[in-house]
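J.: Following my numbering, the numbering of the sequence shown begins with 339 at its first residue and continues without gaps.
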Amino acid sequence: MATADINSQTNISPTHTFPPQVNPVVPDYKAKQQPTAYYCNHSDKKAPGELNCPRGIAVLNQTGDIYIADYCNDRVQVFSSNGDYLFMFSEKMANPVGICISQNKVFVTQCDSHCINKYELEGKLIKSVGSRGDGEAQFNGPHGLDVSDRNSNVYVCDFTNKRVQILTQELKFHSMLGIDVIKYPCDVKVTRDRVLVLDQSDLCMFVFNSDHVLINRLITRGDGKQTNYPCCFDIDRDYNIIMSDYSNNCVYIFNQEGEQIHKFGKEGQGIGEFINPWGIALDSTGHIIVLSEKDTNCLQFF
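Listed below in C-alpha cells is the structure:
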C-alpha cells in the first residue's frame, strides 16, 4: 500500500482487510439502543461507589466484575456485574486512565506519574515501571493499554510521546510501535494477528499486522456519521469496532473495514444518554458497558 494512501484523510479501500479472511457478521445493535441497566453516581467526593471522571474500564470475564479507573479520585473501583460496589485499591495511583486484565493480573496506566502498574485482582501492587521521559520504559501521559493473548506482551499508548511501547508481562521494555506514524495514541487492542491503535489527533484507527507493519487506516475525520473526539474502543467477536465519542456524546459501531453500521446515544443525563462518554468495554455476554465522565448515570449497560 502506498504511503500517500495511508496519510490521506479518507477511508482506504483496503487491500488487506481487518481481520483477513473473515466474513463480517453484523449483530443487531439497533436492538441495544436503550440500556438494560445503569449504576453509579458522579461525585466530587471519594465515597465508595461514587466516581469522579472515570476513564478506563475492564471486565473480569470469569466473574463479570467491572474494574474502573477512577481518574480524579486516584483509585480503581471494582463493581459486580450487577453494579454493586465491591472494593477499591489505590496503592501508587495518580490519575489512572487505562486498565486491562490478563492472566488474573490488572494493568493500569498512571497518567500523572507516567508509569504502568501491575496488581493482583484484589489490588495488591506487584510492580510499577516508568517515569517521565522519552526513553525505553519511560512515558509521557500514558493512556490506554492491552495485553496480547499470543505472547503476553503489554502494549501501552504513550500518548504525548506519540508512540506505542511494548513491554513484556514482567514490564520490561521490548520494542516500540508506530513511531513517525501515530500522533496521539489513546487506546489500543491486540488480536491474534492485528494491533489496532486509536489516534485521538488524527481521528483514525491504525491497523498493524503481527509483525507491526502498518497495513490499513480506518475511520475518517468529521462529525455526525464520523468521530469527533474518540477516546476508547473495544472489538466484538465479529470484529466490529465499538467506540466512544467524547464530544459527540455517543457510541459508534464500525465494521472491520471502518464503515459505520450503527450509532446510539445523545447528550443528556437520562437513560441512554451521555455527557462525555469515555471508557467502553464488552462483557462476556456481549453487553456494551459505557462510562460517562460527567453525568449522573456513569455506568450504563446496553
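Note that CB positions come from ideal geometry on N, CA and C, so glycine has one too.
With 16 other CB atoms within 10 Å as the buried threshold, where does A385 fall?
T.: Mapped onto the sequence shown, residue 385 falls at position 47. Counting Cβ neighbours within 10 Å, A385 comes out exposed, since fewer than 16 surround it.
J.: DSSP on N411, reduced to helix/strand/coil?
T.: Within the sequence shown, numbered from 1, the residue matching residue 411 stands at position 73. If DSSP states are grouped into helix, strand and coil, N411 belongs with the helices.
J.: Look up Y577 in the DSSP assignment and say whether it is helix, strand or coil.
T.: Along the sequence shown, one-based indexing puts residue 577 at 239. Looking at Y577 - three-state DSSP - the assignment turns out to be coil, as it is neither helix nor strand.
J.: Check the C-beta distance from I404 over to I627 and give it rounded, since I have them as a contact under 8 Å.
T.: Within the sequence shown, the letter at position 66 stands for residue 404. Within the sequence shown, the letter at position 289 stands for residue 627. Contact holds; Cβ gap of about 7 Å.
J.: Does the separation of the CB atoms of S486 and Q507 fall below 7 Å?
T.: On the sequence shown, position 148 is the one that residue 486 refers to. On the sequence shown, position 169 is the one that residue 507 refers to. Cβ atoms of S486 and Q507: not closer than 7 Å.
J.: Identify the continuous beta strand (DSSP E) that holds N433 and give its terminal residues.
T.: One-based indexing of the sequence shown puts residue 433 at position 95. No beta strand (DSSP E) contains N433, which DSSP labels as neither H nor E.
J.: Select from E611, V535 and A619 the residue whose C-alpha is nearest the C-alpha of F546.
T.: As a position in the sequence shown, residue 546 is number 208, starting the count at 1. For F546, the nearest C-alpha among the options comes from V535.
J.: So Y423 and G461 are supposed to be a Cβ contact under 8 Å. How far apart are they, rounded?
T.: For this step, residue 423 is matched to residue 85 along the sequence shown. For this step, residue 461 is matched to residue 123 along the sequence shown. About 14 Å; that fails the 8 Å criterion.
J.: In angstroms, rounded to a whole number, what distance separates the CA positions of D484 and Y577?
T.: Start at 1 with the first residue of the sequence shown, and residue 484 comes out as number 146. Start at 1 with the first residue of the sequence shown, and residue 577 comes out as number 239. Distance between the alpha carbons of D484 and Y577: 16 Å.
J.: Measuring CA to CA, which of F417, L552, I520 and L541 is closest to R532?
T.: To locate residue 532, count along the sequence shown from 1; it is residue 194. Here the closest residue by C-alpha is L552.
J.: To the nearest angstrom, how far is it from the Cα of G468 to the Cα of V528?
T.: On the sequence shown, residue 468 is found 130 positions in, with the first residue counted as 1. On the sequence shown, residue 528 is found 190 positions in, with the first residue counted as 1. When rounded, the distance between both Cα atoms is 22 Å.
J.: Compute the Euclidean distance between the alpha carbons of C570 and H481, then round it to the nearest angstrom.
T.: Start at 1 with the first residue of the sequence shown, and residue 570 comes out as number 232. Start at 1 with the first residue of the sequence shown, and residue 481 comes out as number 143. In a straight line, the C-alpha of C570 is about 10 Å away from that of H481.
J.: Do the CB positions of Y584 and N554 come within less than 7 Å of each other?
T.: By one-based count along the sequence shown, residue 584 stands at place 246. By one-based count along the sequence shown, residue 554 stands at place 216. No, these two residues do not count as a Cβ contact at 7 Å.
J.: What number of angstroms, rounded off, separates the C-alpha of N586 from the C-alpha of V416?
T.: Against the sequence shown, residue 586 aligns to sequence position 248. Against the sequence shown, residue 416 aligns to sequence position 78. When rounded, the distance between both Cα atoms is 28 Å.
J.: Would you report the Cα separation of V363 and L556, rounded to the nearest angstrom?
T.: If you number the sequence shown from 1, residue 363 lands on position 25. If you number the sequence shown from 1, residue 556 lands on position 218. Legend: pLDDT at V363 = 47, less than 50; position of this residue unreliable, value from coordinates given subsequently. About 18 Å.
J.: Between the beta-carbon of N442 and the beta-carbon of L459, is there less than 7 Å?
T.: Taking the first residue of the sequence shown as position 1, residue 442 is located at position 104. Taking the first residue of the sequence shown as position 1, residue 459 is located at position 121. In this structure, L459 lies closer than 7 Å to N442 by Cβ.
J.: Is the beta carbon of G603 less than 7 Å from the beta carbon of R393?
T.: To locate residue 603, count along the sequence shown from 1; it is residue 265. To locate residue 393, count along the sequence shown from 1; it is residue 55. Not closer than 7 Å, so no.
J.: In terms of residue numbering, what span does the beta strand (DSSP E) encompassing I627 cover?
T.: Numbered from its first residue, the sequence shown carries residue 627 at position 289. Counting along the chain, the beta strand (DSSP E) containing I627 begins and ends at I626 to S630.
J.: Less than 8 Å between the CB atoms is what I'm expecting for F497 and C524, so what's the real figure, rounded?
T.: Position 159 of the sequence shown, counted from the first residue, corresponds to residue 497. Position 186 of the sequence shown, counted from the first residue, corresponds to residue 524. So it is a contact: roughly 6 Å between Cβ atoms.
J.: What's the C-alpha gap between S588 and V526?
T.: Counted from its first residue, the sequence shown places residue 588 at position 250. Counted from its first residue, the sequence shown places residue 526 at position 188. Checking the displayed sequence, the identity of residue 588 turns out to be Cys instead of Ser. Near 20 Å, if we compare the C-alpha coordinates of V526 and C588.
J.: Assign V360 to one of two classes, buried (16 or more other C-beta atoms within 10 Å of its C-beta) or exposed (fewer than that).
T.: For the purposes of this step, residue 360 is taken as the residue at position 22 of the sequence shown. Confidence is the limiting factor: at V360 the pLDDT is only 45, short of 50, which leaves the residue's position unreliable, though a coordinate-based value still follows. Result: exposed.
J.: Assign Y367 to one of three DSSP states: helix, strand, or coil.
T.: On the sequence shown, position 29 is the one that residue 367 refers to. In this structure, Y367 counts as helix in the three-state DSSP scheme.
J.: Looking only at its own chain, which residues have a Cβ that is under 7 Å from the Cβ of N566, when we skip the five neighbours before and after it?
T.: The count along the sequence shown starts at 1 and reaches residue 566 at position 228. The answer, listed in chain order, is D583, S585 and N586.
J.: On a CA-only basis, which of G608, E605, K430 and D572 is nearest Q594? Give me that one, please.
T.: Stepping through the sequence shown from its first residue, residue 594 is reached at position 256. Minimum Cα distance to Q594 is reached at D572.
J.: Going by CA-CA distance only, name the one from E474, S539, S630 and L620 that's closest to Y409.
T.: Here residue 409 corresponds to residue number 71 of the sequence shown, with the count starting at 1. Selected option, being the one with the closest Cα: S630.
J.: Got a sec, what are the start and stop residues for the beta strand (DSSP E) V551 sits in?
T.: As a first step, residue 551 is located in the sequence shown; it is residue number 213 there, counting from the start. That residue, V551, is in no beta strand (DSSP E); it is neither H nor E in DSSP.
J.: Report yes if the CB atom of Y376 is closer than 7 Å to the CB atom of Q638, and no otherwise.
T.: Numbered from 1 along the sequence shown, position 38 holds the residue referred to as residue 376. Numbered from 1 along the sequence shown, position 300 holds the residue referred to as residue 638. Closer than 7 Å, so yes.
J.: By DSSP's criteria, S513 is part of a beta bridge. Which residues make up the other side?
T.: Numbered from its first residue, the sequence shown carries residue 513 at position 175. Answer by DSSP bridge pairing, in chain order: I504.
J.: The beta strand (DSSP E) spanning E458 covers which residue range?
T.: Position 120 of the sequence shown, counted from the first residue, corresponds to residue 458. Unbroken beta strand (DSSP E) run through E458: C453 to E458.
J.: Spatial neighbours of G624 within its chain, please: CB distance less than 6 Å, with the 5 preceding and 5 following residues excluded, ordered by chain position.
T.: Along the sequence shown, one-based indexing puts residue 624 at 286. Around G624: no qualifying Cβ.
J.: So G482 is in the beta strand (DSSP E); what residue range does that whole segment cover?
T.: As a first step, residue 482 must be located in the sequence shown, where it is residue number 144. Its beta strand (DSSP E) spans residues P480 to V485.
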